[in-house]
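Undergrad:
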Amino acid sequence: MDALDKHTLEIVEGRIAGDVEGNFASGISIVDFVVHVWGVDRRLATSLLGHTWTLLEAPLLDYDSATEEKKLYAPFSAMASALVKEAQEIARRTSPGYIAANDADASLETEESPIHFWSALGTQPLRSSLTFRKPDMLVVDKAYVNITPRWPLVRHPAEFKPFRGKSKKSSRISTLAESYDGASYGSATAASGSKRKLGPSRSSTTNKRIRMQKQHIQLATYSLECLNASSRHYVGGLWVNRFKVGLWYYDRSCVISSLEFDFKENPELLALVLYALSACDDQHAGFDPYLSPCSPLPTVNAKDHKGDPHWQEVVGFTFKFPDSPIYPGPRQYRIKGTIFASRGLIGRGTMVYRVASLEDNLKEDAAEDEALKICWPHRNRKLEGDTLECLRKRLPARWHDHIPEVTFSATATAEDLRLPRVELLKLSAIKDFERKDRQLHILVMKLYKKLWEAGSPEEFMEIYLDCVE
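Position 134 of the sequence shown, counting from 1, maps to 125 under this note's numbering, and the rest follow consecutively.
1) Let me know the beta strand (DSSP E) ranges lying completely inside the region 363 to 451, each 3 residues or longer, listed in chain order.
2) For the beta strand (DSSP E) that contains Lys327, what are its first and last residues?
3) For Ala71, collect the residues of the same chain with a Cβ closer than 7 Å to its Cβ; drop the 5 residues on either side in sequence, then sort them by chain order.
4) Given this structure, state the Cα-to-Cα distance separating Val459 from His393, to the nearest angstrom.
5) Output yes or no for whether 8 Å exceeds the beta carbon distance between Phe308 and Ser348.
6) What are the boundary residues of the alpha helix (DSSP H) that includes Lys76?
7) Alpha carbon to alpha carbon, what distance is there between Tyr135 and Ser249?
8) DSSP beta-bridge partners for Trp474?
9) Using three-state DSSP, classify Gly335 as helix, strand or coil.
10) Taking Cβ positions, are His147 and Leu408 nearer each other than 8 Å?
11) DSSP state of Asp10, grouped into three classes?
12) For the region 378 to 390 against the region 407 to 424, do three or more pairs of beta-carbon atoms, one drawn from each stretch, fall closer than 8 Å, so that the two count as touching?
13) Quick test of the definition: if touching needs 3 or more C-beta pairs under 8 Å, does the region 238 to 246 touch the region 32 to 40?
14) By the three-class DSSP mapping on this structure, what secondary structure does Ile2 have?
15) Taking the continuous alpha helix (DSSP H) assigned at Ala467, which residues delimit it?
16) Tell me which residue opens and which closes the beta strand (DSSP E) that Asp242 is part of.
17) Taking just the CA atoms, how far does Thr212 sit from Thr378?
18) Could you check where the beta strand (DSSP E) with Ser348 kicks off and where it finishes?
19) Nearest-angstrom Cα distance between Trp230 and Arg426?
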């Protein structure tokens, strides 16, 4: 998908379906999903599921009677905000340091939700490097209440469908379900580990494994924008089909979906999901733990999106890497520009940045520009950094000028990064995934210019002859 010459929605959706082919798992329980993806404590999940929940009556009636998709957003947001506030209070009361006597202290009152359910009724485009997407709803930081958000800082995308009851059968884009190995998806599992219904006398989920259909692909396009906006490791999304809700996980190796549930029948599951969205930290939201945003963050409105593509918006951010076996650290690099940005969902996901080293108290303006490459190669492939290091060791010194000069290289597996897929795939396996699994590879090297960018014909000839010799 990195080499797309056309980026219409139809082509992008088709390529995403091709990316996911053979790399899709489903059937994860809601509890397991929020625990492993968004970091909710299982004991707290048990408390939230054991509470009696009631959806706000007026928004529920508006939501139920909505005749078009854009009329779903406001009542859903109202119900969601109320559930999040109530769930936060339960979380506070079940925290280890909670003392009931302190409730009289006004300072311990439930804080306002840190997240905002942003929506422009599906009419406000968010620009990316090649597309204008009009997402239904985005979960963003509270700071974006009156500001159009940016893809690099979107926490969780959401997609709404207005279908009532049993949804219309959607045409399959590809044979995704048939490519799956058919392992048992199990049933929703309570936090205690016992198999039981997660609500009193109510079914916790549907009894069907989700098959990835065309109606699911649109959420994947929003997640693609989030992943390709920076060096993000994964994205978790919310898919809502009237009252049916499903959770989706996307990273560079696979796509994983949960079982679906009906939030009108099971409001406790919606409360758990919404609390998870509000409580997860940046790392559990999938943001790169090595990347730190600049402070203060610039606010960008849609009308300002006429210049650089969205993946240039990380300019000013800083990468901070720990020690690696070969290159002592820590290392810090300030992003000065984006040289290349991947357009694929599953794959290497290569991002290349122009950076300046912040080491040795060297002023940023005085530091020589370098190229920082981040990619996700297969774990069974020889790493680029190792290959270049091997060549430098084995070839005579006179050849070293013809080999890219690497200044830093590091690798991290999914286990090292504690990516959610490690635990999720223990619950729902993908056939031959060991062969498909990918790892993070970081490479920093001297920044080289293209030959045709030489300053003069004489300089061009000198460089060309040097290469020939």
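Heads up, the beta-carbon is just placed ideally off N, CA and C, and yes, glycines get one too.
TA: Judging by the given coordinates:
1) 397 to 403 and 431 to 437
2) The residue labelled residue 327 in the question sits at position 336 within the sequence shown. For Lys327, the enclosing beta strand (DSSP E) stretches over residues Arg322 to Ala332.
3) Locating residue 71 in the sequence shown gives position 80, counting from the first residue. Closer than 7 Å at Cβ, skipping near neighbours: Phe108 and Leu265.
4) In the sequence shown, residue 459 corresponds to position 468, counting from 1. In the sequence shown, residue 393 corresponds to position 402, counting from 1. Distance between the alpha carbons of Val459 and His393: 11 Å.
5) Residue numbering aside, residue 308 sits at position 317 when the sequence shown is read from its first letter. Residue numbering aside, residue 348 sits at position 357 when the sequence shown is read from its first letter. It is not a contact, given that the beta carbons lie outside the stated cut-off.
6) The count along the sequence shown starts at 1 and reaches residue 76 at position 85. Where Lys76 is concerned, the enclosing alpha helix (DSSP H) stretches over Tyr64 to Arg84.
7) Numbered from its first residue, the sequence shown carries residue 249 at position 258. Numbered from its first residue, the sequence shown carries residue 135 at position 144. The straight-line gap from Cα to Cα measures roughly 28 Å.
8) Not covered by the structure: residue 474. The range shown for the chain is -8 to 460.
9) For this step, residue 335 is matched to residue 344 along the sequence shown. In this structure, Gly335 counts as coil in the three-state DSSP scheme.
10) Sequence index remark: in the sequence shown, residue 147 carries index 156 (1-based). Sequence index remark: in the sequence shown, residue 408 carries index 417 (1-based). For His147 and Leu408, no; Cβs fall outside 8 Å.
11) The sequence position of residue 10 within the sequence shown is 19, counting from 1. Reduced to three states, the DSSP call for Asp10 is helix.
12) no
13) no
14) Taking the sequence shown and counting its residues from 1, one reaches residue 2 at position 11. Residue state, collapsed to three classes: helix.
15) Outside the shown range of the chain, which is -8 to 460, sits residue 467, and nothing can be said about it.
16) For this step, residue 242 is matched to residue 251 along the sequence shown. Looking at the DSSP string, the run of the beta strand (DSSP E) that includes Asp242 is Lys235 to Asp242.
17) Position 387 of the sequence shown, counted from the start, is the residue given in the question as residue 378. Position 221 of the sequence shown, counted from the start, is the residue given in the question as residue 212. C-alpha separation (whole angstroms): 34 Å.
18) Locating residue 348 in the sequence shown gives position 357, where the first residue counts as 1. Residues Met342 to Ser348.
19) Residue numbering aside, residue 230 sits at position 239 when the sequence shown is read from its first letter. Residue numbering aside, residue 426 sits at position 435 when the sequence shown is read from its first letter. Spanning the two alpha carbons is a distance of roughly 30 Å.
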